[in-house]
Amino acid sequence: MKVELTGEESAVLKKQFALQAVRFIQQELENKGCVFPSKDSLLVIACVSGDAIRKLNQQFRGKDKVTDILSFAPVEEESLGELALCMPQVEIQAQEHGLTVEEETFYLILHGILHLLGYNHEKGGKQAREMYAIQDEVFEEWRKQQ
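Printed below as a string of structure tokens:
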């Protein structure tokens, strides 16, 4: 998968880390039966400020608050979609969760990719349990290899 980093906070997220994380996530999810548009799909990760993600969250979800990550469906056929990742919020949550910034970033990118693949936790129930189970399994597998 191709990864493109954009946004005013993109210097915070190292391209090499993002690429390795996305490739690991793709391999693990494919092993679990998830289907990606193609091996050469493009994933855009926009690293944004708290103000920017708050505006996006208001515009697209009607929620006037800062969030950690938003997923946007692809507009092009060979694209996986776009993730808007709020790096200042990632740093806050990493500390709150007792994780490194890289671990929190990995977890959120994984979460966003699952949304792009059609998983949803918003309504709870079986679908949410399935999404979080996959997310936690892949995250723990990645942590073992670090």
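If you want our numbering, it's the position in the sequence shown, counting the first as 1, plus 57. We treat Cβ as the ideally placed atom computed from N, Cα and C, and that holds for glycine.
- Shown here, T162 sits in a helix according to DSSP, grouped into three states.
- In this structure, DSSP gives V123 a state outside helix and strand, which the three-state scheme calls coil.
- Within a 10 Å sphere around the beta-carbon of T63 sit fewer than 16 other beta-carbons, which makes this residue exposed.
- Counting only runs of 3+ residues, the beta strand (DSSP E) found wholly inside the segment 124-189 occupies 126-129, 136-143, in chain order.
- Of the residues assessed, A68 falls on the exposed side of the cut-off, its CB having fewer than 16 other CB atoms within 10 angstroms.
- Here the alpha carbon of S95 sits roughly 16 Å from the alpha carbon of E61.
- Here the segment 85-102 lies against the segment 119-139, with 3 or more beta-carbon pairs under 8 Å apart.
- L86 and E66 have their C-alpha atoms spaced approximately 27 Å apart.
- Boundaries of the alpha helix (DSSP H) around A75: 72-88.
- Counted as a single uninterrupted DSSP element, the alpha helix (DSSP H) harbouring A109 occupies residues 107-118.
- Shown here, V101 sits in a strand according to DSSP, grouped into three states.
- With 16 or more other Cβ atoms inside 10 Å of its own Cβ, D125 counts as buried.
- By DSSP's assignment, V60 forms a beta bridge with L100.
- Assigned with DSSP and collapsed to three states, Q202 falls in coil, not helix or strand.
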